[in-house]
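Heads up: the sequence shown begins at 1 in full-length UniProt numbering, then just goes up one per residue.
Note that the Cβ used here is the ideal one computed from N, Cα and C, for glycine as well.
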Amino acid sequence: MRKLVYYVASTLDGFIAAPDGSYDHLPLEPDVAAHLTAEWPQTFPTFTHAHFDIASPPAGRFDALLMGRATYDPALKIGVTSPYAHLKQYVFSRSLPPSDDPQVEIVAGDPVAFVRELKAQPGGDIWLCGGGQLAGQLLDEVDELVVKLNPVVAGSGIPLADRSFTPTRFTLVGTRSFDSGVVVLRYTAGAR
């Protein structure tokens, strides 16, 4: 069965973006970039592959990604309708019209039911790209959580998982620290 992997950058206090959705306070440090391009190349937007010397399409575990409307909007603002053209992209939105791009499907329905159906289909793993509201709805479906923890305290912003108080346990399975202070933490879902 396919796994849902929530792979995301966060501040020390648990925010994945500023209140306005920007994330420039979480810079991609050179030591971390080298690791990510080698280990997680599929998580870079297609239009950045040449800049980071990533083979296109990059090899890896994912063949699909999920994102909320706010995560998709920055690409639309620069005229990119398929930011991860190397993956099948599912954008959860009740206001966007259907996409003309065959790699992008707009999903207006229940994210949990959709993900359960998607995980039951054959294919590679599924990357939950963001954002906080979608992650909050899907947290109980996440099989693996990978957090690029940045040495930054933001104070407020978009939380890693925006939902009511519902503690969800994960088990630490790996860490990788970098001179820049970033730590990549890998967790698997706890007992369900």
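So, with DSSP's three-state summary, where would you put residue i?
i: glutamine 121; result: coil
i: aspartate 29; result: In the sequence under discussion, the amino acid at residue 29 is glutamate, which differs from the aspartate named in the question. It is coil, neither helix nor strand.
i: glycine 68; result: strand
i: aspartate 73; result: helix
i: phenylalanine 47; result: helix
i: threonine 37; result: helix
i: alanine 9; result: strand
i: arginine 186; result: strand
i: phenylalanine 114; result: helix
With a 10 Å radius around its C-beta and 16 neighbouring C-beta atoms as the bar for buried, classify residue i as buried or exposed.
i: glutamine 121; result: exposed
i: glycine 190; result: exposed
i: threonine 171; result: exposed
i: alanine 38; result: exposed
i: histidine 86; result: buried
i: arginine 116; result: exposed
i: arginine 2; result: buried
i: phenylalanine 165; result: exposed
i: aspartate 125; result: buried
i: alanine 75; result: buried
i: glycine 123; result: exposed
Are the CB atoms of residue j and residue i within a distance shorter than 7 Å?
i: valine 8; j: phenylalanine 178; result: no
i: valine 91; j: isoleucine 106; result: yes
i: threonine 188; j: glutamate 141; result: no
i: glycine 14; j: alanine 70; result: no
i: leucine 139; j: leucine 4; result: no
i: leucine 160; j: valine 183; result: no
i: histidine 25; j: valine 152; result: yes
i: glycine 136; j: arginine 176; result: no
i: serine 10; j: valine 147; result: yes
i: lysine 119; j: glutamine 103; result: no
i: valine 27; j: serine 156; result: Going by the sequence as given, residue 27 is proline instead of valine. Not a contact, by the Cβ cut-off of 7 Å.
i: proline 83; j: proline 45; result: yes
With residue i as the anchor, note down where its alpha helix (DSSP H) starts and where it stops.
i: lysine 3; result: Segment: none, lysine 3 is in no alpha helix (DSSP H) and carries neither H nor E.
i: glycine 136; result: 132-138
Taking the beta strand (DSSP E) that residue i falls in, what are its first and last residues?
i: leucine 87; result: No beta strand (DSSP E) contains leucine 87, which DSSP labels as neither H nor E.
i: valine 152; result: First-last for valine 152: undefined, no H or E at that position.
i: alanine 161; result: No beta strand (DSSP E) holds alanine 161; DSSP gives it neither H nor E.
i: alanine 59; result: Taken as a continuous stretch (DSSP letters only), alanine 59 belongs to no beta strand (DSSP E), as it is neither H nor E.
i: serine 177; result: 170-177
i: threonine 166; result: Counting along the chain, threonine 166 falls outside any beta strand (DSSP E), and DSSP gives it neither H nor E.
i: valine 104; result: 104-107
i: isoleucine 78; result: Careful: isoleucine 78 lies outside any beta strand (DSSP E) and carries neither H nor E.
i: phenylalanine 15; result: 15-17
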